[in-house]
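Notes follow once the structure below has been shown.
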Amino acid sequence: MKMPNLGLGTFRLTGQPLRDSLLQGLELGYRHIDTAQIYANEAEVGQLMAESGVPRQDIYLTTKVWTSEFGQGKVIPSLEMSLEKLGTDYLDLALIHWPSPRDEVPMAVYLEQLAEAKARGLTREIGVSNFTVAQLKEAIDILGPGAIAHQQVEVHPLLQNRKVVEFCQAQGIAVTAYMPLAYGKVLSEPLLMEIGQRHGVSAAQVSLAWLLAQGMAVIPSSTRRENLTANLAALKVTLSSDEMAVIATLDRGERCANPDFAPAWDN
Ligand SMILES: NC(=O)c1ccc[n+]([C@@H]2O[C@H](COP(=O)([O-])OP(=O)(O)OC[C@H]3O[C@@H](n4cnc5c(N)ncnc54)[C@H](OP(=O)(O)O)[C@@H]3O)[C@@H](O)[C@H]2O)c1
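Below is the structure:
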């Protein structure tokens with residue numbers, strides 16, 4: 152299954168908010184769910200997928216391997232545990248969540264295990280998240296061209312991350328924009344609101360449409376039916392080339408996800 156270009160993010164969501172997000176999202180037609188070992192919600196995600204009645208094979212399911220699971224012999228058991236919690240025997244995509252903090256585990260050690268997980272059928276595709284251009288080059292050297300299908304990275308109008316996005320696209324690595332609404336910061340951006348007014352849509356929808364028009368997938372999270380519906384409707388918003396260009400001027404490097412173990416970012 153090809154990754155649908157709009158998915159449901161699940162960071163921070165457990166209990167009733169996760170239920171509101173996934174059951175309403177699947178009912179409205181979303182078929183792509185993004186979770187991670189560190190979100191501590193894989194078991195709930197699995198239960199809700201089953202409860203929704205949507206067949207497993209109709210959902211594109213991503214999880215991410217946490218950095219504590221990178222050591223030799225650890226990646227595959229951690230993914231087997233994820234599969235058990237998610238109640239499925241395969242993932243569509245397994246990502247390395249962050250590069251190993253301070254390179255504590257050499258990249259070849261964890262990437263080769265990830266490739267082995269794919270060879271064993273635990274996941275259909277593999278990829279990385281939060282990798283810089285230099286780290287992507289190293290990853291391609293380790294696994295060979297074409298092995299890394301996806302990179303998930305923070306991108307929105309306030310942090311356009313052009314160097315890494317352009318590098319991925321030139322290498323045929325699909326980009327998923329995480330925090331595509333900058334966790335709410337784009338909502339009050341006057342230029343996005345003004346463009347939205349012209350199209351009869353919100354600043355959030357403009358942000359998603361702008362990312363989608365550049366060939367990226369987006370995984371906004373929402374617990375509210377009206378926002379889930381609005382985000383789906385962003386698939387139908389077409390921005391003019393002038394609007395695309397003016398949104399490009401909003402880049403101000405405003406990074407929302409920047410933990411102390413983050414790599415030395417490209418910009
Ligand atoms: N790979 C990584 O390291 C990484 C890091 C961070 C995030 N992620 C992934 O990216 C996903 C998205 O990131 P995020 O959840 O942090 O931030 P986000 O999607 O940018 O923003 C989510 C916030 O926006 C609100 N919202 C959603 N749609 C809206 C709309 N149409 N209008 C107004 N408000 C709207 C939501 O509130 P309501 O619930 O009220 O709608 C929520 O508070 C995560 O869930 C996770 O799956 C990955």
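Residues in the sequence shown are numbered from 152 upward in steps of one, following our numbering.
Glycine included, C-beta positions come from ideal geometry on N, C-alpha and C.
Since this is a predicted model, take the numbers as computed values, not measurements.
Asked                                                                                                                                                           : Found
Can you pull the DSSP bridge partners for I184?                                                                                                                 : L159, L212
Are the beta-carbon atoms belonging to F162 and Y190 less than 8 Å from one another?                                                                            : yes
If you reduce the DSSP assignment to three classes, tell me which class E195 lands in.                                                                          : helix
Decide if L179 is buried, meaning its Cβ has at least 16 other Cβ atoms within 10 Å, or exposed.                                                                : exposed
So E394 is in the alpha helix (DSSP H); what residue range does that whole segment cover?                                                                       : 392-399
Roughly how many angstroms lie between the CA atoms of D243 and K225, to the nearest whole one?                                                                 : 20 Å
Can you tell me whether Q303 sits near ligand 1, meaning its C-beta is under 7 Å from at least one heavy atom of the ligand?                                    : yes
With a 10 Å radius around its C-beta and 16 neighbouring C-beta atoms as the bar for buried, classify D185 as buried or exposed.                                : buried
May I ask you to report which of helix, strand or coil DSSP gives D243?                                                                                         : strand
Go through its chain and collect everything with a Cβ distance to R376's Cβ below 7 Å, but skip five positions before and after it.                             : Q175
Is the beta carbon of Y334 within less than 7 Å of some heavy atom of ligand 2?                                                                                 : You won't find ligand 2 in this model; what it holds is ligand 1.
Quick check: what's the CA-CA separation for T400 versus V316?                                                                                                  : 16 Å
Which residue comes first and which comes last in the alpha helix (DSSP H) that contains T380?                                                                  : 376-384
Which same chain residues end up closer than 7 Å to K236 when comparing Cβ atoms and leaving out the 5 residues on each side of it in sequence?                 : E193, A194, G197
Please report the distance separating the alpha-carbon of A360 from that of T374.                                                                               : 20 Å
Is F162 near ligand 1 - that is, is its Cβ less than 7 Å away from at least one heavy atom of it?                                                               : yes
On the three-state DSSP scale, how would you describe Q303?                                                                                                     : strand
What are the start and end residues of the beta strand (DSSP E) that includes A413?                                                                             : Element bounds for A413: n/a, residue is neither H nor E.
Can you find the residues in the same chain that come closer than 6 Å, C-beta to C-beta, to A333, ignoring five residues on each side of it along the sequence? : H307, L309, C407
Is the number of C-beta pairs between the region 340-349 and the region 320-332 that are closer than 8 Å three or more?                                         : no
According to DSSP, V326 sits in a beta bridge with which residue or residues?                                                                                   : Q302
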